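Just so you know, we're using full-length UniProt numbering here: the sequence shown kicks off at 1 and counts up by one.
See structure below.
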Amino acid sequence: MDIVSIPDSIKLKPATSATITSVFIGLQLAGAIGMSIIFFTALFSQQVKRLASWYMFCASWAISCLSYALLFLAGQIHLSEPRKSICVTQAALMYSVPTLTASSTLTLLIHSWYNVHFGLSRPPLETNARAISTMLLAPLILFSLLLIGFLSLGIKEPSLVHNFGLYCTFMQLLPAKISSLFVIITTFATIPVQISLGISLCRNIDRNNTRSTMSVQTLKMVVRVFTFGFLILIGFVEGLIHLATTYRNTAIDLIMALLPLAGVLIFGIQKDLFQSWLAWMKLLLCVREDRTEGASLSTSSNTSRNQDRSMDKLP
């Protein structure tokens with residue numbers, strides 16, 4: 001089957017606005033840094049406890065942001081013809097990463113739904129190693145297959161890769177259609193999960209209800225997941241637009257670039273994270289003070305020794 005090319009009348013052109021490029025890259029870098037900070041804080045802090053799917057969620061969005069900023073990180077975003085290896089890699093990522101973020105968000109929603117819906121009536125999903133492994137591996141496998149496929153296409157036909165201005169894409173419709181279709185299916189699957197999750201939340205929203213099977217901390221986390229789940233529906237709209245049209249829309253790209261930053265705000269503004277950062281800052285200050293005191297004592301000791309030696313040399 002021949003791959004349909006984009007008509008000449010609507011060929012992609014590099015963005016000419018430096019402001020748009022700066023805003024887009026700034027949003028992507030802010031999202032990558034924010035998600036990475038949240039991820040590693042939860043990973044290394046004993047105070048922060050999160051679901052396994054939550055770590056996958058944060059990592060996938062950080063990877064997505066770095067993928068969109070790859071041309072900038074390589075120092076070639078302003079080149080009309082960037083190095084082919086970089087451009088091919090980014091083009092492949094552009095059409096495979098959206099499936100990773102969409103599927104990891106779906107996984108987090110399903111995990112949260114299970115905890116809310118069943119509560120204490122069933123063992124935590126974490127106790128089922130097979131279920132957790134499947135939930136975590138499925139997004140990675142799908143992402144890897146698409147990435148390998150698009151990389152193969154780019155390596156075989158490097159002339160198909162084009163610098164859109166914000167990032168590199170394929171100058172053919174089929175990769176965009178495949179990626180958009182996967183995103184639409186995955187994002188659409190979140191809708192019934194969110195509806196069921198919303199119903200379960202309404203039943204558990206009253207903290208004074210003795211029949212509530214959720215802790216307040218769990219409830220707060222699920223509300224955050226539920227909120228971001230609605231925002232991710234923007235990806236559904238984006239997928240429909242890319243499936244129905246034959247061009248990239250800068251305005252949509254900027255709106256989509258806001259999603260990871262929204263995720264940083266939704267999942268990053270939490271008490272246990274701030275407590276961990278505060279504790280680490282105090283520890284860092286203590287270490288610096290100890291080093292300063294040690295250096296001062298060493299200097300004083302050396303000065304005293306030099307004075308003693310000077311006194312010994314006197315007649």
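By construction, the Cβ of each residue, glycine as well, lies at the ideal position given by its N, Cα and C atoms.
In this text, all values refer to a predicted model and were calculated from it rather than measured experimentally.
Could you tell me whether the Cβ atoms of residue i and residue j are closer together than 8 Å?
i	j	result
V116	L201	yes
F170	V183	no
L231	L197	no
L70	L100	no
S22	Y95	no
T89	L166	no
V225	S112	yes
L66	A32	yes
A189	L27	no
F186	L233	The question names Phe, but residue 186 in the sequence shown is Thr. Contact flag unset, no.
A59	F39	yes
M221	L136	no
Q275	Q47	yes
V97	I132	no
A103	L147	For clarity, residue 103 is Ser in the given sequence; the question names Ala instead. Their beta carbons are not under 8 Å apart, which means S103 does not touch L147 by this criterion.
L254	F72	no
By DSSP, does residue i sit in helix, in strand, or in coil?
i	result
N115	helix
A18	helix
V49	According to the sequence shown, residue 49 is Lys rather than Val. Correct three-state label for K49: coil.
A92	helix
K13	At K13 the pLDDT is 48, less than 50, meaning the model places this residue with poor confidence; the figure from the coordinates comes in the next sentence. Reduced to three states, the DSSP call for K13 is coil.
N208	Residue placement at N208 is flagged as unreliable, the pLDDT there being 49, under the threshold of 50; a coordinate-derived value is accordingly withheld.
I77	coil
P123	coil
R288	helix
I38	helix
R83	coil
Quick check on the DSSP output: the beta strand (DSSP E) that includes residue i runs from which residue to which?
i	result
F57	Note, F57: premise wrong, no beta strand (DSSP E); alpha helix (DSSP H) at 52 to 68.
With a threshold of 16 other CB atoms inside 10 Å of the CB of residue i, please say whether the residue is buried or exposed.
i	result
G75	exposed
V287	exposed
P7	Confidence at P7 is low in this model, with a pLDDT of 45, below 50, so the placement of that residue should be treated as unreliable; the coordinate-derived value is given next. The residue is exposed, with fewer than 16 neighbouring Cβ atoms inside 10 Å.
P192	exposed
L261	buried
I195	exposed
With residue i as the anchor, note down where its alpha helix (DSSP H) starts and where it stops.
i	result
I266	250 to 268
Enumerated in chain order, which unbroken segments of the alpha helix (DSSP H) with a length of 4 residues or greater are wholly contained in the region 135 to 204? For secondary structure counted as the alpha helix (DSSP H) over 4 or more consecutive residues, the region 135 to 204 holds these complete runs in sequence order: 173 to 204.
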